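*Asks:* Chains as they are written, first to last, in our numbering: chain E, 1 to 289; chain D, 1001 to 1231.
#1: Rounded to whole angstroms, what is the Cα-Cα separation between residue 91 of chain E and residue 203 of chain E?
#2: Does the beta carbon of residue 197 of chain E sit closer than 8 angstroms to a beta carbon anywhere in chain D?
#3: Rounded to the nearest angstrom, how far is the Cβ of residue 177 of chain E from that of residue 146 of chain E, given a contact under 8 angstroms?
#4: Note the first and the last residue of the continuous alpha helix (DSSP H) segment covering residue 1073 of chain D.
#5: At which residues does the beta strand (DSSP E) containing residue 55 of chain E begin and terminate?
#6: Where does residue 248 of chain E sit, in a helix, a strand or coil, going by DSSP?
#7: Take residue 2 of chain E and list the residues in its own chain whose beta-carbon comes closer than 7 angstroms to its own, dropping the five residues that flank it on each side.
#8: Thinking C-beta only, is residue 1204 of chain D closer than 8 angstroms to residue 1221 of chain D?
#9: Measuring CA to CA, which of D:1192, D:1207 and D:1147 is closest to residue 1167 of chain D?
#10: Label residue 251 of chain E either buried or exposed according to how many other C-beta atoms from any shown protein chain fall within 10 Å of its C-beta, with 16 as the threshold for buried.
#11: By Cβ distance, which residues of its chain are closer than 6 angstroms to residue 124 of chain E, with the 5 residues on each side in sequence left out?
#12: Counting contacts by CB-CB distance shorter than 8 angstroms, is residue 1013 of chain D in contact with chain E?
#13: Going by the beta-carbon positions, is the gap between residue 1230 of chain D and residue 1087 of chain D smaller than 8 angstroms?
#14: Quick one: give me the first and last residue of the alpha helix (DSSP H) that residue 1204 of chain D is part of.
#15: DSSP puts residue 124 of chain E in a beta bridge; with which residues?
#16: Could you check whether residue 181 of chain E and residue 155 of chain E sit closer than 8 angstroms to each other, using their CB atoms as the reference points?
#17: Can you grab the Cα-Cα spacing for the pair residue 13 of chain E / residue 1004 of chain D, in whole Å?
#18: Give me the Cβ distance between residue 1085 of chain D and residue 1110 of chain D, rounded to the nearest whole Å; I'm assuming they're in contact under 8 angstroms.
#19: Going by C-alpha distance, which of E:122, E:140, E:190 and E:49 is nearest residue 153 of chain E?
#20: Residues of chain E with a CB under 9 angstroms from the CB of residue 1142 of chain D: which are they?
#21: Determine, using beta carbons only, whether residue 112 of chain E comes closer than 8 angstroms to chain D.
#22: Could you please give the first and the last residue of the uninterrupted beta strand (DSSP E) stretch that includes residue 208 of chain E?
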């Protein structure tokens, strides 16, 4: 067909059909952050930053740092050292933009009796003595165990949560429908729901965020610990590791044979919680002393 | 189908719809009082729900430790009602006893209303009802077959469509004073029996498949659900 000719009816129909098919295909294209291509991710993140600027009146940086090759994160916690001070809980709240009212805390510290050992039926997460540690008690902080075989990701009906290549289980806050099936499936109570619109005082917002981690969440979606993905993927320690006054928390690369985490697993008495459920946690508890 | 007959069937169906509406709107004082009472309940529920949408699910006093409450409990119960309604069909066909077959239509209608309530309970339970379409491919993504909830979404909607079409057909034929088409209805009704078992079993598996909840995670749950549907 030359340029001077008028487009035929067939041409018009064909191009209109093609345009419509293209529109449908775009509408059906990937929208979950799980599968968006790199280029589209950039525009989604620019859109998030614009939205947060509007909402908080502040520049919030959303990183799209992907998993590093040859890295598999793991965590170890020394039960014999933990004094139950809950500094990790509040460092986590501040770092990860958790709601202050209603309160959401990704770490729960259980007070247990030395007589009974690690026993969740006799554990108290609401202990409130004037001074810790209490006589005859020890403390077990529990947050997401970053399972290798996570029951939560399997049950999600929309595929809004998954394990990243570096082992971190993440949630797409823009895709979650808030059915809370993952919360029923998690044996560790690690997942938390935004029962009301989260509130964070403006001057306390952490502006360094990650698109799968601590960026501000909306009402009605589930959230949880991500090993501080925004820090870990930059080669830094999670906030709870940094703040722990007794050095009970250890973090590192499971694939690096010289890492502290490997030393602990190879040389200390190590346990994982609810081993019988075959979740294969990447969060190890140990007794160093 | 010829165009005239298509127009004709549309005319017949709209006649059925208008006729049914007329029948619904006819009744004595007690009937209207009852409808007004039910209407008041619906309005109060809608008002409460609009508040829940504004404030959040925290309004229900559910919290992280007990993250499923009244809504999912009721959903499970009504799945049982829907299944039980159609299980009525079994004696009608197994014993080939005519009078009980007339009850089948009531069973179907009860199943439809129970399933409608089921789906509504799930809808009010989710934190982001505005994102409901995330479940529907190709616009969304249904995590099938990994998530049992995806199975439940499928099986409940299928069961709903099946019962709705059977009941509509029977009522439509009855409205025009004709017997229903046996070849069409009997296979569908017989299909709805295993489907009734299916919706109840899948709903049991929904709770059953969670190793994290020791009391749910037992093999007796699905048979127990079925047994309670029968009684």
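C-beta atoms are modelled at their ideal positions from N, C-alpha and C, and glycine is treated no differently.
All values derive from a computational prediction rather than experimental measurement.
*Replies:* Taking the coordinates as given:
#1: What you label residue 91 of chain E is simply residue 91 of the first chain in a count that begins at 1. What you label residue 203 of chain E is simply residue 203 of the first chain in a count that begins at 1. One alpha carbon belongs to residue 91 of chain E, the other to residue 203 of chain E, and they sit about 15 angstroms apart.
#2: Translated into positions along the first chain, residue 197 of chain E becomes position 197. At least one chain D Cβ lies under 8 angstroms of residue 197 of chain E.
#3: Along the first chain, one-based indexing puts residue 177 of chain E at 177. Along the first chain, one-based indexing puts residue 146 of chain E at 146. Actually they do not touch by this definition, with Cβ atoms about 23 angstroms apart.
#4: Position 73 of the second chain, counted from the first residue, corresponds to residue 1073 of chain D. Where residue 1073 of chain D is concerned, the enclosing alpha helix (DSSP H) stretches over 1070-1087.
#5: If you number the first chain from 1, residue 55 of chain E lands on position 55. Here residue 55 of chain E belongs to no beta strand (DSSP E); instead the alpha helix (DSSP H) covers 38-56.
#6: Position 248 of the first chain, counted from the start, is the residue given in the question as residue 248 of chain E. Coil, per DSSP.
#7: Stepping through the first chain from its first residue, residue 2 of chain E is reached at position 2. Confidence is the limiting factor: at residue 2 of chain E the pLDDT is only 49, short of 50, which leaves the residue's position unreliable, though a coordinate-based value still follows. Excluding residues within five positions, none has a Cβ falling inside 7 angstroms.
#8: Along the second chain, read from residue 1 onward, the residue named residue 1221 of chain D stands at position 221. Along the second chain, read from residue 1 onward, the residue named residue 1204 of chain D stands at position 204. Yes, these two residues count as a Cβ contact at 8 angstroms.
#9: Numbered from 1 along the second chain, position 167 holds the residue referred to as residue 1167 of chain D. The option with the nearest alpha carbon to residue 1167 of chain D is D:1192.
#10: For the purposes of this step, residue 251 of chain E is identified with residue 251 of the first chain, where counting begins at 1. The residue in question, residue 251 of chain E, is buried, as its Cβ has 16 or more Cβ neighbours within 10 Å.
#11: The sequence position of residue 124 of chain E within the first chain is 124, counting from 1. Excluding sequence neighbours, residue 124 of chain E sits near 111.
#12: Against the second chain, residue 1013 of chain D aligns to sequence position 13. No, no contact with chain E.
#13: Looking up residue 1230 of chain D in the second chain gives position 230. Looking up residue 1087 of chain D in the second chain gives position 87. Their beta carbons are under 8 angstroms apart, which means residue 1230 of chain D touches residue 1087 of chain D by this criterion.
#14: As a position in the second chain, residue 1204 of chain D is number 204, starting the count at 1. Its alpha helix (DSSP H) spans residues 1182-1208.
#15: Within the first chain, residue 124 of chain E is the residue found at index 124, counting from 1. E:111, per the DSSP bridge assignment.
#16: For the purposes of this step, residue 155 of chain E is taken as the residue at position 155 of the first chain. For the purposes of this step, residue 181 of chain E is taken as the residue at position 181 of the first chain. Closer than 8 angstroms, so yes.
#17: Residue 13 of chain E sits at position 13 when you count from the first residue of the first chain. Residue 1004 of chain D sits at position 4 when you count from the first residue of the second chain. Straight-line Cα distance between these residues: approximately 30 angstroms.
#18: As a first step, residue 1085 of chain D is located in the second chain; it is residue number 85 there, counting from the start. As a first step, residue 1110 of chain D is located in the second chain; it is residue number 110 there, counting from the start. Residue 1085 of chain D to residue 1110 of chain D, Cβ: 4 angstroms. Contact.
#19: On the first chain, position 153 is the one that residue 153 of chain E refers to. Out of E:122, E:140, E:190 and E:49, E:190 has the C-alpha closest to the C-alpha of residue 153 of chain E.
#20: Sequence index remark: in the second chain, residue 1142 of chain D carries index 142 (1-based). Residues of chain E passing the Cβ test: 157, 158 and 159.
#21: Numbered from its first residue, the first chain carries residue 112 of chain E at position 112. For residue 112 of chain E, the answer is no, since every Cβ of chain D falls outside 8 angstroms of its Cβ.
#22: As a working mapping, residue 208 of chain E is identified with position 208 in the first chain. Its beta strand (DSSP E) spans residues 208-210.
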